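Novice: Position one of the sequence shown corresponds to residue 79 (the working numbering), numbered consecutively onward.
Note that beta-carbon positions come from the ideal geometry of N, C-alpha and C, so glycine has one too.
Note that the coordinates shown come from a computational prediction; the quantities given were computed from them, not determined experimentally.
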Amino acid sequence: MVVTIGTIPKPVRRDKHGVIRVGDTRISLDAVVHAFNEGMDAAEIQYNYDTLTLADIYAAIGYYLHNKTRIDTYLADRKAGYEKLRSEGNAANPTRMTRSILLDRKKRNRSGSSPK
Numbered sequence: 079m080v081v082t083i084g085t086i087p088k089p090v091r092r093d094k095h096g097v098i099r100v101g102d103t104r105i106s107l108d109a110v111v112h113a114f115n116e117g118m119d120a121a122e123i124q125y126n127y128d129t130l131t132l133a134d135i136y137a138a139i140g141y142y143l144h145n146k147t148r149i150d151t152y153l154a155d156r157k158a159g160y161e162k163l164r165s166e167g168n169a170a171n172p173t174r175m176t177r178s179i180l181l182d183r184k185k186r187n188r189s190g191s192s193p194k
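(1) If I measure Cβ to Cβ from residue 122 and keep anything under 8 Å in the same chain, skipping five residues before and after, which residues do I get?
(2) Rounded to the nearest angstrom, what separates residue 103 and residue 163 at their Cα positions?
(3) Taking the Cβ atom as the reference point for each residue, do residue 130 and residue 110 lie within a distance shorter than 9 Å?
(4) By DSSP, does residue 179 sit in helix, in strand, or in coil?
(5) Going by DSSP in three states, residue 105 sits in which element: helix, strand or coil?
(6) List the residues that DSSP assigns as beta-bridge partners of residue 91.
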């Protein structure tokens, strides 16, 4: 019996916004790599992202492991971009209060102490 070696689909693709997606899904490589690095196996990842097949997940993890330095740099850049947007959003809306600030105020008001 002769086994014909076929091709496999590319495990990842870059969308129009530059985000790397897994297979033909909208799931980002970021999500799969994060889950993998948190210790999840492929079945657990599939449970959380049911649009992914096990083949998609294993292929994406293999792609990550073969390109770890480049993908880790990509993920760090994405995280830095997110943090920058987040800080710009907070700077543009300085009156926005976080839950902890509001809870502190509520606590002070109940105790009768003045803000510092």
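Specialist: Quick answer:
(1) The beta carbon of residue 122 lies closer than 8 Å to those of 113 in the same chain, with the five residues before and after it left out.
(2) Looking at the two C-alpha atoms, the distance is approximately 25 Å.
(3) One thing to note: residue 130 has its Cβ within 9 Å of the Cβ of residue 110.
(4) Three-state result, residue 179: helix.
(5) For residue 105, the secondary structure class from DSSP, reduced to helix, strand or coil, is coil.
(6) DSSP, once it has assigned bridges, lists 99 as partnering residue 91.
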